[in-house]
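Participant: Numbering (the UniProt record's numbering) for the sequence shown: 1 to 320. Take a look at the following structure, please.
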Amino acid sequence: MAANLFGRYVWLIDTLRRYKRLTFQEISELWQESGLGYGEELPLRTFHNHQKAIKDIFDVYIDCDRKDGYRYYIDEPERLEGNNLQSWLISSYATLNQIQADNKLEDRIIFEDIPSGQTWLTPIAEAMRRNRVLSITHQGFGKPEASTFEIEPYCLKVVKRRWYVVARSPYYSNRNKERGIKPADVYRVYALDRISNIQDTGRTFKMKKGFDVNQYFEGCCGIITSDEPIHRILLLAYGGFADYLRTLPLHESQREIESDDESTLFEYHLKPTYDFYQLVLAQGDQVEVLEPESVRNEMRNFSQNMLNHYTFGEDKPCKG
């Protein structure tokens, strides 16, 4: 029953997000057609109860504009859209609602699998909620064997189908403190799919008041952080690829500078970490880095190395 009610709340929020303004009659008709209502009308009293519950649970206000034919709408929708996690959860749950309500869609919607999210996501989220110190066994890429150590889990982040936990390292932070190194606190990022075991130590921790996850990843394109300053990067997109970047920016700082029939110039303010280079390389010959020269040279090196991999000569025989 609780899951069913939660599904109803999400459906109502998602419906008003899509249609903007609806009368109660229009909402009731959409409810009948949704598959969740089983063809039955939505009672007005039930609607008002849902309206109140949505306010309490999601902090989303559904108001009625009497001057506009008693149409209901989400007040300050930018608050909802500005909360990335809540917006994503509502959209995902709304899709799940529709799939469960109509079995015909079950094999017609394909999701990307995120392997690491199935095993360790829940215990880490629970530890974050309770501020519990965890002992994890983790084997980083390129490491010959796994290591077991303690972490203070601060945040979770998903990038390129992988979940990561951002955590304070008690070991390295205490070592810096003993050596007088400032800032003493050391934060690390661990991929969940590289974790083979997690144990709750039973101890708690207090999050550092000065830690800001958005500031921690400021200027980053993915999960790799850097202490170097943010660069102004100019990237040229050829032909119709600019439309792709307009609808799916490479980075939140993306800004279109100028455009003609052949190309479009985009500006970014970010740190050119390895994640950034991977991202640009993934666009193939559709884009070109123009400035700064240091980033352009690094892109040239990556491109030359790729060309070398595909160039066969006497010293690089083809293996068959």
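Yeah, the Cβ is synthetic: ideal placement off N, Cα and C, and Gly gets one too.
Hey, how far is the Cα of residue 190 from the Cα of residue 121?
Facilitator: 12 Å
Participant: Quick check on the burial criterion: 16 or more other C-beta atoms within 10 angstroms. Buried or exposed for residue 126?
Facilitator: exposed
Participant: Could you spell out where the beta strand (DSSP E) holding residue 112 opens and where it closes?
Facilitator: Careful: residue 112 lies outside any beta strand (DSSP E) and carries neither H nor E.
Participant: Where does residue 199 fall in DSSP's three states?
Facilitator: Note: residue 199 maps to strand in three-state DSSP.
Participant: What three-state label does DSSP hand residue 119 in the structure shown?
Facilitator: coil
Participant: How is the beta strand (DSSP E) around residue 157 delimited, first residue to last?
Facilitator: 147-159 is the extent of the beta strand (DSSP E) around residue 157.
Participant: Compare the Cα-Cα distances from residue 4 to each of 27, 25, 36 and 13 and report the closest residue.
Facilitator: 36
Participant: So which of 134, 234, 244 and 222 has the shortest CA-CA distance to residue 294?
Facilitator: Of 134, 234, 244 and 222, the smallest CA-CA separation from residue 294 is found for 234.
Participant: Should residue 217 and residue 131 be called a contact, given that it needs their Cβ atoms to be closer than 8 Å?
Facilitator: no
Participant: Does the Cβ of residue 27 have 16 or more other Cβ atoms within 10 Å, making it buried, or fewer, making it exposed?
Facilitator: buried
Participant: Going by the DSSP bridge assignment, what does residue 263 pair with across the sheet?
Facilitator: Looking at the DSSP output, residue 263 bridges to 238.
Participant: Under the three-state reduction of DSSP, which class applies to residue 46: helix, strand or coil?
Facilitator: helix
Participant: Under 8 Å by Cβ, that's how I've got residue 332 and residue 194 pegged, so tell me the actual separation to the nearest angstrom.
Facilitator: Nothing about residue 332 can be read from this structure; the chain reaches only from 1 to 320.
Participant: Going by C-alpha to C-alpha distance, which of 261, 272 and 237 sits closest to residue 255?
Facilitator: With distances taken between Cα atoms, residue 255 lies closest to 237.
Participant: Can you tell me where the beta strand (DSSP E) holding residue 295 begins and where it ends?
Facilitator: That residue, residue 295, is in no beta strand (DSSP E); its alpha helix (DSSP H) goes 293-309.
Participant: Determine which residues share a DSSP beta bridge with residue 135 and list them.
Facilitator: 150 and 199
Participant: Where residue 69 and residue 23 are concerned, what is the direct C-alpha to C-alpha distance, given to the nearest angstrom?
Facilitator: 7 Å
Participant: I'd like to know if the stretch 237-248 and the stretch 279-297 are in contact, where contact means that at least 3 CB-CB pairs between them fall below 8 Å.
Facilitator: yes
Participant: Is residue 224 near residue 273, with beta carbons less than 8 Å apart?
Facilitator: yes
Participant: Kindly indicate which residue of 136, 77 and 209 has the alpha-carbon position closest to the one of residue 15.
Facilitator: 77
Participant: Could you check the C-alpha separation between residue 260 and residue 231 for me, to the nearest Å?
Facilitator: 25 Å
Participant: How far does the alpha helix (DSSP H) with residue 13 in it reach, from first residue to last?
Facilitator: 2-19
Participant: Please work out which residues of its chain come closer than 6 Å, Cβ to Cβ, to residue 336, disregarding the five sequence neighbours upstream and downstream, and give them in chain order.
Facilitator: Given that the chain is displayed from residue 1 to residue 320, the structure contains no residue 336 and the question cannot be resolved.
Participant: Helix, strand or coil, according to DSSP, for residue 22 in the structure here?
Facilitator: strand
Participant: Where does residue 165 sit, in a helix, a strand or coil, going by DSSP?
Facilitator: strand
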